[in-house]
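Asks: One structure coming up, written as structure tokens, with questions to follow.
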Amino acid sequence: NTAVDGTIAAGDIGETDGAEPIVTAVDRNTAVGYNRLTFTYSENMTVAIGTSTATKGDTTAAGTVAGFGSFATPGDVTVPTTKNTVGGTGTATITVLIANQNAGYMNTASTTEPSGNFTPVASAEVADAALNQVNIANTPLSTTTSAWDLTKPTITSVTVSDFVNNNGKIDRAVMVLSEAMRDSSLTNANATLGTSGTTTGTFTTDTANDATTTFNRTTDDNTVDTSTAAGSFLYSGATTLVTDIAGNLLNTTTDGQIVAADIVETDGAQPIVTAISPASGATAVSVTANIVMTFSEAMQLDFDEADEYAVAPDPGVFGAPVWSNGNKTVTLSHAGNFLYQQLTTVTTTAANIEDVASNNLNDAAAEDGDWSFTTAANTGGGGGGGGTTYYSAPTTSCVLTSPNGNEILTGGQTSQITWTTQGTFYDVNLYYSVDGGNAWGLIASGQANDGTYSWTVPNTSTSNGKVRVDCRDSGGAELATDRSDSAFTINLTGALPIESAPQAVPEGFMSRQDANNELPTGVLVDYLVKLPNDGDETTFTDTTVYYVGLDAKRHPFPSAGVYFSWYADFSGVKTMDMATLSQIGIGTPVLVRPGSNWVKIQSDPKTYYVEPGSYVLRHIADEATARMLGGSDWSSKVIDIEPTYFMQFGVGSTITSEVLATDWPKASLMKAADSPVIFYTTESGKRPIGNMETFEANHFQTKYIEENNFAGWLGLQVESAVNGFEDALFSLQF
10 NTAVDGTIAA
20 GDIGETDGAE
30 PIVTAVDRNT
40 AVGYNRLTFT
50 YSENMTVAIG
60 TSTATKGDTT
70 AAGTVAGFGS
80 FATPGDVTVP
90 TTKNTVGGTG
100 TATITVLIAN
110 QNAGYMNTAS
120 TTEPSGNFTP
130 VASAEVADAA
140 LNQVNIANTP
150 LSTTTSAWDL
160 TKPTITSVTV
170 SDFVNNNGKI
180 DRAVMVLSEA
190 MRDSSLTNAN
200 ATLGTSGTTT
210 GTFTTDTAND
220 ATTTFNRTTD
230 DNTVDTSTAA
240 GSFLYSGATT
250 LVTDIAGNLL
260 NTTTDGQIVA
270 ADIVETDGAQ
280 PIVTAISPAS
290 GATAVSVTAN
300 IVMTFSEAMQ
310 LDFDEADEYA
320 VAPDPGVFGA
330 PVWSNGNKTV
340 TLSHAGNFLY
350 QQLTTVTTTA
360 ANIEDVASNN
370 LNDAAAEDGD
380 WSFTTAANTG
390 GGGGGGGTTY
400 YSAPTTSCVL
410 TSPNGNEILT
420 GGQTSQITWT
430 TQGTFYDVNL
440 YYSVDGGNAW
450 GLIASGQAND
460 GTYSWTVPNT
470 STSNGKVRVD
480 CRDSGGAELA
490 TDRSDSAFTI
500 NLTGALPIES
510 APQAVPEGFM
520 SRQDANNELP
530 TGVLVDYLVK
540 LPNDGDETTF
550 TDTTVYYVGL
560 DAKRHPFPSA
570 GVYFSWYADF
580 SGVKTMDMAT
590 LSQIGIGTPV
600 LVRPGSNWVK
610 IQSDPKTYYV
620 EPGSYVLRHI
630 ADEATARMLG
640 GSDWSSKVID
650 IEPTYFMQFG
660 VGSTITSEVL
670 ATDWPKASLM
680 KAADSPVIFY
690 TTESGKRPIG
700 NMETFEANHF
710 QTKYIEENNF
720 AGWLGLQVES
730 AVNGFEDALF
740 SLQF
């Protein structure tokens with residue numbers, strides 16, 4: 010019974026779709042930063058669009074896509090439930106976006122994407138319009154149009170600053186990461202910045218999902234401190250975890266969170282003046298009063314009249330600045346007196362006053378470093394007229410005229426130091442600096458006050474050279490001083506600096522020049538010397554190696570272990586005859602180099618770290634402390650010392666785990682796991698070593714470098730770099 014009985018035409022039937030769709034292709038690719046799976050079917054498919062569920066689109070198990078199927082090679086990418094997005098219903102192409110939902114992320118172990126043949130599953134969640142489920146017999150080989158992003162982002166830098174109010178309080182942290190981040194993964198409630206007051210704040214970005222994120226404190230009530238100590242940017246991840254756009258967790262100690270060990274904050278905050286003396290507007294100030302300024306953090310120590318500050322009327326030559334309070338407070342004393350009953354003004358050049366991170370002084374703060382005060386009247390010896398008496402200091406001057414700045418000198422050559430004086434001066438001391446005036450080395454002491462001195466320029470490369478002249482009376486008291494107005498340059502004649510960086514000469518030592526003059530011809534400070542081998546195995550005097558020190562004496566190495574704590578081999582040892590050797594006085598034995606091996610004696614299990622300063626021993630309290638200080642192989646650092654020599658060490662405080670949480674012993678060679686920079690720890694901080702040539706010039710050895718990320722040394726203040734050989738790091742430690 011059809012339109013034409015006995016025949017079947019198109020209009021006579023209504024076909025029913027009973028054919029199962031098949032998966033014709035599965036492709037892994039990326040789009041707009043997200044990782045995707047694209048499924049292509051033999052016909053248009055119906056899928057409930059939106060967030061994945063336990064039965065559609067989830068990848069909570071590696072290699073399995075809920076409701077779709079699984080890969081032959083699963084990889085290890087997994088995502089928490091309901092954090093994928095499924096799209097494309099009504100078309101033959103269905104896409105699963107991995108971890109793109111709010112707070113979505115790939116789990117920590119996600120490093121390898123799935124691959125191989127894809128085996129579909131029959132599911133009512135994914136069907137054609139006739140509700141035919143997928144034919145599971147067809148298992149296409151998956152392809153990769155563009156590889157997934159499975160690289161975890163890292164923190165490049167965190168810079169803290171005083172962004173608002175210019176009040177010396179850290180209120181902003183700018184975090185730069187290795188790639189663009191998902192803004193929605195950064196939640197204000199998870200972040201803190203600062204050490205006091207309200208630490209919560211607000212995230213901002215210049216461009217959506219970029220690599221730079223800024224956190225501003227909502228309340229500007231942090232401690233007045235512009236160093237990184239007041240920063241302490243942290244992110245707990247309690248609400249959301251930090252990810253890149255693809256959902257890779259931030260690569261930190263605990264992925265997606267930020268703790269102190271994950272970052273080394275950069276000081277981007279300008280220092281401010283926090284206190285001055287005499288006070289601004291003060292009256293009846295003593296004409297001999299010092300000028301004192303306190304800053305919000307440790308400062309660079311170069312603080313010269315004319316360069317950094319000026320006083321009007323000028324009371325006469327100011328002495329070298331005296332720093333205290335962790336290099337936060339500078340005291341300026343003057344050779345003459347202020348004028349009596351006179352308005353006196355102090356002005357500073359903010360651009361030239363810098364903290365240790367080279368941030369210049371913030372002169373927009375409430376106290377900008379410029380102020381005035383009035384001195385007291387002269388109440389003594391008026392006589393006669395009864396009017397006010399004003400007094401000015403006697404006219405004396407001690408002025409360095411050359412080198413006075415911008416000269417270019419060459420190491421090893423002679424340059425004239427010249428100066429002029431007015432008043433009664435007996436003689437002068439001359440000094441030089443290669444770091445802009447932070448440390449001074451003696452050139453000549455007791456030099457006649459004749460206005461000139463022929464100086465053999467040290468072979469030390471620097472663009473921050475300065476010379477200082479101290480004018481003295483007949484008793485050796487310093488009456489006036491002056492230094493180069495600005496820096497000059499010293500160019501090397503060789504590949505490495507061979508002169509020591511300036512340091513004050515300790516008691517018992519000489520300047521290098523004086524020590525060399527005391528030694529026999531052909532013998533210099535820092536030589537390693539011994540007698541020639543006499544061929545007799547029963548004698549031992551010819552085996553002893555001596556170090557020639559800054560006291561012009563020879564110091565024996567008592568053992569090979571001690572020797573190798575200072576030197577890598579014997580290549581530098583020179584032989585000399587008994588007649589020459591006997592002209593060099595015998596000094597105390599050399600002990601283990603500070604910061605190298607730890608020491609003990611066989612009869613006592615206690616282990617000690619050696620610090621500089623007369624070989625100071627510091628007991629390492631326990632094995633936990635030893636592991637923090639020297640790593641899992643700490644025991645390999647220990648050498649035994651003869652008890653007779655053990656008594657020659659000094660004794661310092663015990664090193665404990667609590668100590669290492671905030672401090673670190675002196676003379677350690679340290680580096681962070683993610684940084685090539687090697688630091689040398691000091692009494693008050695750590696000094697970066699400029700390059701490997703400098704490292705080797707100071708006879709440091711790579712076997713003593715300790716690599717860890719403990720806060721105790723990472724939090725130390727960064728001080729001036731080591732850019733050449735320094736007596737204080739080597740010759741003065743013997």
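For what it's worth, our numbering labels the leading residue of the sequence shown as 10, then goes sequentially. Just so it is clear, CB atoms sit at the ideal spot from N, CA and C, and this is done for glycine as well.
Do you know how far the Cα of I499 is from the Cα of S472?
Replies: If I take the Cα positions, the gap works out to 6 Å.
Asks: Locate the alpha helix (DSSP H) running through E667, then write down its first and last residues.
Replies: That run of the alpha helix (DSSP H) goes 666 to 669.
Asks: What is the rounded straight-line gap between the Cα of L159 and the Cα of F48?
Replies: Roughly 21 Å separates the two Cα atoms.
Asks: Considering E715, what are the terminal residues of the beta strand (DSSP E) in which it resides?
Replies: Taken as a continuous stretch (DSSP letters only), the beta strand (DSSP E) holding E715 covers 714 to 716.
Asks: Decide if S677 is buried, meaning its Cβ has at least 16 other Cβ atoms within 10 Å, or exposed.
Replies: Burial call: buried.
Asks: Does DSSP put F327 in a helix, in a strand, or in coil?
Replies: Strand at F327.
Asks: If you reduce the DSSP assignment to three classes, tell me which class Y400 lands in.
Replies: Since pLDDT at Y400 reaches only 36, below the 50 mark, its modelled position is unreliable, and the value read off the structure follows with that caveat. Coil at Y400, not helix or strand.
Asks: Comparing alpha-carbon positions, which option in T128, L439, M637, E705 lies nearest I664?
Replies: Nearest of T128, L439, M637, E705 to I664, Cα basis: M637.
Asks: Mark V620 as exposed unless 16 or more other C-beta atoms lie within 10 angstroms of its C-beta, in which case mark it buried.
Replies: In the sequence on display, residue 620 carries Glu and not Val. Result: buried.
Asks: Since S219 contacts A139 with CB under 8 Å, what's their CB separation in whole angstroms?
Replies: Checking the displayed sequence, the identity of residue 219 turns out to be Asp instead of Ser. Not confirmed; about 47 Å, so no contact.
Asks: Check whether the region 639 to 646 touches the region 564 to 573, taking contact to mean three or more Cβ pairs, one atom from each stretch, closer than 8 Å.
Replies: Verdict: no, contact absent.
Asks: Verify the CB distance criterion: does I664 have a CB-CB separation below 8 Å to chain C?
Replies: The chain labelled as chain C is not found in the depicted structure, where only one protein chain is given.
Asks: For S666, collect the residues of the same chain with a Cβ closer than 7 Å to its Cβ; drop the 5 residues on either side in sequence, then sort them by chain order.
Replies: Only A633, T634, M637 meet the Cβ criterion.
Asks: Would you list, in sequence order, the uninterrupted beta strand (DSSP E) runs of no fewer than 3 residues that lie entirely inside the region 592 to 647?
Replies: Entirely contained in the region 592 to 647, the beta strand (DSSP E) runs reaching 3 residues are, in chain order, 607 to 610, 613 to 620, 625 to 628.
Asks: Just verifying my parser: in three-state terms, what is the DSSP assignment at M587?
Replies: Reduced to three states, the DSSP call for M587 is helix.
Asks: Taking 8 Å as the cut-off, decide whether the C-beta atoms of S241 and G203 are in contact.
Replies: Taking 8 Å as the Cβ cut-off, S241 and G203 qualify as a contacting pair.
Asks: Tell me which residue opens and which closes the beta strand (DSSP E) that R191 is part of.
Replies: From DSSP, R191 is part of no beta strand (DSSP E); its letter is neither H nor E.
Asks: Take T711 as the anchor and find which of M701, N717, N141, N718 has the nearest alpha-carbon.
Replies: Nearest C-alpha to T711: M701.
Asks: Take S623 and list the residues in its own chain whose beta-carbon comes closer than 7 Å to its own, dropping the five residues that flank it on each side.
Replies: For S623, where only same-chain residues beyond five positions count, the Cβ hits under 7 Å are G659.
Asks: Could you give the DSSP three-state label for G392: helix, strand or coil?
Replies: Low per-residue confidence applies at G392: pLDDT is 39, beneath 50, and the placement is therefore not dependable, though the value from the model is reported in the following sentence. Three-state DSSP puts G392 in coil, outside helix and strand.
Asks: Which ranges would you report for the beta strand (DSSP E) in the region 122 to 168 if only whole runs of at least 3 residues count?
Replies: Within the region 122 to 168, the complete beta strand (DSSP E) runs of at least 3 residues are 124 to 129.
Asks: Do the region 171 to 187 and the region 128 to 145 make contact, defined as three or more Cβ pairs closer than 8 Å?
Replies: With the cut-off at 8 Å, the region 171 to 187 and the region 128 to 145 do not touch.
Asks: What separation, rounded to the nearest whole angstrom, lies between the Cα atoms of Y618 and Y713?
Replies: Rounded to whole angstroms, Y618 to Y713 spans 13 Å at the Cα level.
Asks: Alpha carbon to alpha carbon, how far is P697 from P89?
Replies: Going by the C-alpha atoms only, they are around 44 Å apart.
Asks: Counting only runs that start and end within the region 56 to 96, where is the beta strand (DSSP E) found for 3 or more residues in a row?
Replies: Runs of the beta strand (DSSP E) inside the region 56 to 96: 78 to 82, 94 to 96.
Asks: Measure the alpha-carbon distance for V296 versus A344 and round it to whole angstroms.
Replies: Their backbone Cα atoms lie some 11 Å apart in a straight line.
Asks: For a quick check, are the C-beta atoms of P565 and T552 less than 8 Å apart?
Replies: Result no, Cβ atoms of P565 and T552 do not sit closer than 8 Å.
Asks: How about Y314 and I362: do their beta carbons lie closer than 8 Å?
Replies: As written in the sequence, residue 314 is Glu, which differs from the Tyr given in the question. It is not a contact, given that the beta carbons lie outside the stated cut-off.
Asks: Hey, out of D586, N732, A496, Q726, whose CA is closest to M308's CA?
Replies: Here the closest residue by C-alpha is Q726.
Asks: According to DSSP, which residues form a beta bridge with P565?
Replies: Looking at the DSSP assignment, P565 forms a beta bridge with Y555.
Asks: Taking the continuous beta strand (DSSP E) assigned at D560, which residues delimit it?
Replies: Careful: D560 lies outside any beta strand (DSSP E) and carries neither H nor E.
Asks: Going by Cα to Cα distance, which pick from I107, P30, V35 is closest to T62?
Replies: That would be I107, whose Cα lies nearest to the Cα of T62.
Asks: Roughly how far, in whole angstroms, is the beta-carbon of G460 from the beta-carbon of F497, given that I think they are within contact range, below 8 Å?
Replies: Not confirmed; about 19 Å, so no contact.
Asks: Identify which residue in V339, D311, V437 has its Cα closest to the Cα of S495.
Replies: Comparing Cα positions, the closest option is D311.
Asks: Considering only DSSP beta bridges, list what K539 is partnered with.
Replies: Paired residues: T584.
Asks: Secondary structure at T348, three-state DSSP: helix, strand or coil?
Replies: Checking the displayed sequence, the identity of residue 348 turns out to be Leu instead of Thr. Here L348 sits in coil by DSSP.
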